[in-house]
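In UniProt numbering, the protein residues as written are 1 to 191.
Every residue gets a Cβ at the ideal spot worked out from N, C-alpha and C, and that includes glycine.
The structure is reproduced here in structure tokens:
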């Protein structure tokens, strides 16, 4: 049983790397089997269907994001200090290139935004949870007078996400090594 869990984790680790660079549609049972030196049946035995594999990879990406972004801001006072720490962790997460395709959720959202189904719903669900975390801390920062009382929560959230999408774009598409510094300056202006 322990070996089965390790094999499943290896499949997910490799699947996450592939999906981050080539998309969830680029993630095939055959590709994973070849990468891992396994049979297709050995890979499919852990997930059953391609959709189940894709959903498991979305969960693995969420686990990585949580470890690298919100967990790094845990223990920081809620409100503006948390927003600053979480945004810095988010920038660092992309800057350190933990996945070859950059932000998994930015790429997956673009790949699945016009579709319907469980994979799209899982991606959107993760986005909603993260935005809720940011929104709660924006609200708290306003209530603690750390941000002006007339701060438009939805607008500020939009700008934070926009900066991060732009950071991922400039890092991935243009290989712009100055993009993290630009993102930090943009966040500093917001806060």
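Quick check: residue i and residue j, are their CB atoms within less than 9 Å of each other?
i: residue 69; j: residue 90; result: yes
i: residue 108; j: residue 19; result: yes
i: residue 7; j: residue 46; result: yes
i: residue 27; j: residue 50; result: yes
i: residue 144; j: residue 86; result: no
i: residue 192; j: residue 60; result: Residue coverage of the chain in this structure runs from 1 to 191, which leaves residue 192 outside it and unanswerable.
i: residue 30; j: residue 111; result: no
Tell me the rounded alpha-carbon separation between residue i and residue j.
i: residue 92; j: residue 4; result: 33 Å
i: residue 25; j: residue 48; result: 16 Å
i: residue 190; j: residue 80; result: 11 Å
i: residue 124; j: residue 148; result: 30 Å
i: residue 128; j: residue 66; result: 14 Å
i: residue 158; j: residue 131; result: 9 Å
i: residue 101; j: residue 169; result: 10 Å
i: residue 75; j: residue 84; result: 13 Å
i: residue 155; j: residue 44; result: 44 Å
i: residue 94; j: residue 10; result: 22 Å
i: residue 98; j: residue 52; result: 24 Å
Between which two residues does the alpha helix (DSSP H) containing residue i stretch?
i: residue 112; result: 104-112
i: residue 131; result: 118-143
i: residue 88; result: 80-95
i: residue 146; result: Segment: none, residue 146 is in no alpha helix (DSSP H) and carries neither H nor E.
i: residue 169; result: 153-172
i: residue 68; result: 50-68
i: residue 8; result: 2-22
Please classify residue i as buried or exposed, where buried requires at least 16 neighbouring CB atoms within 10 angstroms.
i: residue 172; result: buried
i: residue 1; result: exposed
i: residue 54; result: buried
i: residue 77; result: exposed
i: residue 73; result: buried
Margin query: Does the stretch 123-143 come into contact with the stretch 40-56, if we say contact requires no fewer than three beta-carbon pairs (one atom in each stretch) closer than 8 Å?
Written below: No, they do not touch.
Check: Can you find at least 3 beta carbon pairs, one from the stretch 157-166 and one from the stretch 181-190, that sit closer than 8 Å?
Finding: Output reads yes: the stretch 181-190 touches the stretch 157-166.
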